[in-house]
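Working notes, beginning with the structure itself.
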Amino acid sequence: MVNRAAEQNTVLLVGGGIGGLAAALGLAQAGYEVDLFEQATDLGEIGAGIQLGPNAFAAMDALGCGPRARARAVYTDDLIMLDALDGSVVGKIPVGTAFREYFGNPYAVIHRADIHLSIYEETQVHDSIRVHTVSRIVSADVSEHGASVRDHNGQEWSGAAVVGCDGLRSVVREALIGDSHVVPAMWFIVQSVPRTNFPKTWLERGGHLGRTELPYRALPAAGWRGVQHRHHVSQPGKGGLEVREGSRAELLSYFNEISPKPRQLLEKASVWQRWATADREPTEKWGRGRATLLGDAAHPPLQYMARVRALPWRTR
23 MVNRAAEQNT VLLVGGGIGG LAAALGLAQA GYEVDLFEQA TDLGEIGAGI
73 QLGPNAFAAM DALGCGPRAR ARAVYTDDLI MLDALDGSVV GKIPVGTAFR
123 EYFGNPYAVI HRADIHLSIY EETQVHDSIR VHTVSRIVSA DVSEHGASVR
173 DHNGQEWSGA AVVGCDGLRS VVREALIGDS HVVPAMWFIV QSVPRTNFPK
223 TWLERGGHLG RTELPYRALP AAGWRGVQHR HHVSQPGKGG LEVREGSRAE
273 LLSYFNEISP KPRQLLEKAS VWQRWATADR EPTEKWGRGR ATLLGDAAHP
323 PLQYMARVRA LPWRTR
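Counting in this note's numbering, the sequence shown runs from 23 upward without gaps.
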């Protein structure tokens, strides 16, 4: 017999990324039961670093995972932006003691995998959050009384509502809106460089070159232990959304006129990967009845100062 009372207090979350796990915590704190579905065998994240401002730390504190994230983050005293053409300082923002006292929280950087782990660990404290891995959702249905999803094995799950946190190719979005078209918007070339002879962070007119310092993680491109330096370059998008091997020659062609230090950084790299980001045409609403969207499923954001992963916590 189906327990209708339990269904009416259960929310279905499709997708176990940063946004999905954060939503699970918020719902559990509000008294709901949560069934979260993730198609991967294990929950985890890939990618590079995220910058966390005071507002992001406040959101994590509200969810209960702030202390875990703080323990894994790397803190800095200044944010410095340099002109790539002549090496001059464009701007400098102190984010040390005075900044932290004024805003009540620090400014830090953290690896995506570490912030995901911090949130995931907090979900394990709540018995009301049930995580189903190896569960690929293939369809979603919404009625005035509730919502249901069906996984790749044909099993159906029902609840009071469903939230699509399932990324660019969202099954829930397809059921609600039906606009499957995704536009490649920017591409990123990401790599690691040995600690010796690398310059500082630079900004180039028309593109972006940045450096992120993070605690060592066992990533294929990491060349040392201690502090891992991940560098990225962005340009307007070309081609599809797949991740593939990058071209050193193509990259250097965009930075012919930059000063020697950032050029030195680009020339020293031996392994590059091309990562694409996406954009969508705006839509009037992200939800219908007892269903809504969160994160990339709702609005895939373009890269901006490595801060877009704070957005799922503030999606309404």
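Note that beta-carbon positions come from the ideal geometry of N, C-alpha and C, so glycine has one too.
Secondary structure of I141 (DSSP, three-state): helix. Distances from the CA of A45 to each of V153, P76, N127 and E279 were compared; the closest alpha carbon is that of V153. For Y124, the closest C-alpha among the options V147, M103 and G75 is that of G75. Inclusion of G189 and A93 in the CB contact set at 7 Å is not warranted, their separation being larger than that value. In the structure shown, the three-state DSSP call for V156 is coil. Distance from the CA atom of I115 to the CA atom of D100, rounded to whole angstroms, is 6 Å. Annotated three-state conformation of P116 is strand, per DSSP.
Note on D149: under 16 other CB atoms within 10 angstroms of its CB, so exposed under the neighbour-count rule. Going by beta carbons, V36 and V194 fall inside the 7 Å limit. Three or more beta-carbon pairs drawn from the stretch 59 to 67 and the stretch 157 to 164 are found closer than 8 Å, and the two stretches are therefore classed as touching. Under DSSP, no beta-bridge partner is assigned to I199. Closest option to G317, judged by alpha-carbon separation, among T119, G39 and Q30: G39. By the criterion of a C-beta distance shorter than 7 Å, D108 is surrounded in its chain by S281, once the five residues flanking it on both sides are discounted. C-alpha of V131 to C-alpha of Q286: approximately 24 Å in a straight line. Y97 carries a strand assignment under DSSP once its states are collapsed to helix, strand and coil. Of the candidates R270, E303 and Y276, R270 places its Cα closest to the Cα of S292.
Residue environment analysis places H167 among the exposed positions, since fewer than 16 neighbouring C-beta atoms fall within 10 angstroms of its C-beta. For Q51, the secondary structure class from DSSP, reduced to helix, strand or coil, is helix. Around the beta-carbon of N127, 16 or more other beta-carbon atoms lie within 10 Å, marking it buried. Leaving aside the five residues that flank V111 on each side, the residues in its chain whose CB is nearer than 7 Å to its CB run, in chain order, I102 and L104. W179 is bridged by DSSP to V171.
Across the set R310, K283, V147 and D64, the C-alpha of R310 shows the shortest separation from the C-alpha of G200. If you draw a straight line from the Cα of D64 to the Cα of E143, it is about 13 Å long. Relative to the Cα of P323, the nearest Cα in the group W308, R302 and E267 belongs to R302.
For H133, the pairing in a beta bridge is given by DSSP as G71.
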